[in-house]
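Report on the structure given below.
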Amino acid sequence: MPELIKKADFPVTRFAPSPTGRLHIGHAIAAREAFRFADDQGGKCLLRIEDIDQTRCKPDFEAGIYDDLNWLGFDWPEPVRRQSDHFDDYTRALGELREKGLVYRSFLTRKALNADLDERGIGESPAGERPYPGPGIPMSADEEEMRVGRGDSFAWRLSLSACRDYLGAAFDDLSFIEEGSGIMAGEIKAHPEWLGDVVLARKDTPTSYHLAVTHDDALQGISHVVRGRDLYFSTHIHVLLQRLFDWPTPAYRHHGLILDTDGKKFSKSDRSRTLESLREEGVRPEQIFRDWTLQ
-16 MPELIKKADF
-6 PVTRFAPSPT
4 GRLHIGHAIA
14 AREAFRFADD
24 QGGKCLLRIE
34 DIDQTRCKPD
44 FEAGIYDDLN
54 WLGFDWPEPV
64 RRQSDHFDDY
74 TRALGELREK
84 GLVYRSFLTR
94 KALNADLDER
104 GIGESPAGER
114 PYPGPGIPMS
124 ADEEEMRVGR
134 GDSFAWRLSL
144 SACRDYLGAA
154 FDDLSFIEEG
164 SGIMAGEIKA
174 HPEWLGDVVL
184 ARKDTPTSYH
194 LAVTHDDALQ
204 GISHVVRGRD
214 LYFSTHIHVL
224 LQRLFDWPTP
234 AYRHHGLILD
244 TDGKKFSKSD
254 RSRTLESLRE
264 EGVRPEQIFR
274 DWTLQ
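Positions -16 to 278 (our numbering) are the ones given, in order, by the sequence shown.
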């Protein structure tokens, strides 16, 4: 498990983009929120490259992250942690969960998963998705061995039922602190069941966002997670993982999002809104920060 960095005497946060495309206006505002929080609190903001998706992440996009952030006027401590350089770390973390019997192989395709959820009458949770509660009938060890042997694709899923047994009453006491203002502020009771048995790794991918981000936040001594509101419900699983590994739970600040005219979050596929294209048009960083606000 990671050797945790000693907690600093000042706030530490991070900006953690994925190099799956060029950064856009939404990234600029998110970066400003993280770096500004660190500056206002006399702390520091780290840069982390979250590139676990080796199919979609490209070196050119990673180089673009540095270009765009430098253009925006941000600076950060070195070295920058690139998650793809540390897959062994996440494999070891997953191995610990396997030893405790807290994860299981799931061979369900997306189509089969949706059919199973339909058959069991499982609707959307408050998190806005249909949580998978685990298999109704666990797969036998013989069948699992056979399917692994023939090379079937699978995912490692976190078993909430096993986690509940493992933690006992502590499972129902999970919570986190949401800072800032609004109805979500204060101590928030965590509801991992809203997300269900989430995927923590796949046959050919040693980690998922949930596992990698909680691991690295603990490793890097992150005291405050400043990120978009679209990731708010992920926190309900992250708190559980932190408890399972005995990692500290940071304070969280989920800010609003930059929306397009249709009320949708900006996408990296929207070329007209990339920072690269705006820079080429002669737009200045201060114009972006002046003209775009969080919703």
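Even for Gly, the Cβ is constructed at its ideal location relative to N, Cα and C.
- Taking 3 residues as the minimum length, the beta strand (DSSP E) runs contained wholly in the stretch 188 to 262 are 207 to 211 and 234 to 238, in order along the chain.
- For the options Tyr73, Ala76 and Cys28, the alpha carbon positioned closest to that of Glu61 is the one of Cys28.
- Under the rule that a run must span 3 or more residues, the beta strand (DSSP E) segments found entirely inside the stretch 52 to 111 read 86 to 89.
- Inclusion of Ala138 and Ser67 in the CB contact set at 8 Å is not warranted, their separation being larger than that value.
- Using a Cβ distance threshold of 8 Å, Arg140 and Val181 count as a contacting pair.
- Leu183 sits in a strand when the DSSP states are folded into three classes.
- Scanning Gly9, Thr(-4) and Ala(-1) for the CA closest to the CA of Leu261 turns up Gly9.
- Two segments are said to touch when three or more pairs of C-beta atoms, one from each, lie closer than 8 Å; by this definition the stretch 23 to 37 touches the stretch -3 to 6.
- Under the DSSP definition of a beta bridge, Ser158 partners with Lys172.
- His198 is the residue among Leu223, His198 and Val208 whose C-alpha sits nearest the C-alpha of Asp71.
- Of the residues assessed, Ile35 falls on the buried side of the cut-off, its CB having 16 or more other CB atoms within 10 angstroms.
- Counted as a single uninterrupted DSSP element, the alpha helix (DSSP H) harbouring Ile271 occupies residues Pro268 to Asp274.
- The DSSP-derived three-state label of Arg19 is helix.
- The beta carbon of Tyr87 is closer than 7 Å to those of Arg140 and Ser142 in its chain, skipping five residues each way along the sequence.
- Taking 8 Å as the cut-off, the Cβ atoms of Ser158 and Lys172 count as close.
- Contact annotation, Leu258 with Trp59: C-beta distance approximately 17 Å; criterion of less than 8 Å not satisfied.
- Remark: C-beta atoms of Phe57 and Ala14 approach each other more closely than 8 Å.
- Within its own chain, no residue has a Cβ closer than 7 Å to the Cβ of Glu263 once the five positions on either side in sequence are excluded.
- Beyond the five residues adjoining it in sequence on each side, Asp51 comes within less than 6 Å, by CB distance, of Leu6 and Leu258 in the same chain, given in chain order.
- His219 and Leu150 have their alpha carbons spaced roughly 15 Å apart.
- Spatial neighbours of Phe20 in its own chain (CB-CB distance under 8 Å, excluding positions within 5 residues in sequence) are listed in chain order as Pro(-6), Thr(-4), Gly26, Cys28, His207, Val209 and Arg236.
- Cα atoms of Leu77 and Ile12: separation of roughly 33 Å, rounded to the nearest angstrom.
- Bounds of the alpha helix (DSSP H) holding Cys146 are Leu143 to Leu150.
- Exclusion of the five residues before and after Leu96 leaves no residue of its chain whose Cβ lies closer than 6 Å to its Cβ.
- Following the DSSP letters along the chain, one finds Arg31 inside the beta strand (DSSP E) bounded by residues Lys27 to Ile32.
- Judged by DSSP in its simplified three-state form, Arg(-3) adopts strand.
- Here the alpha carbons of Ala195 and Val266 stand approximately 35 Å from one another.
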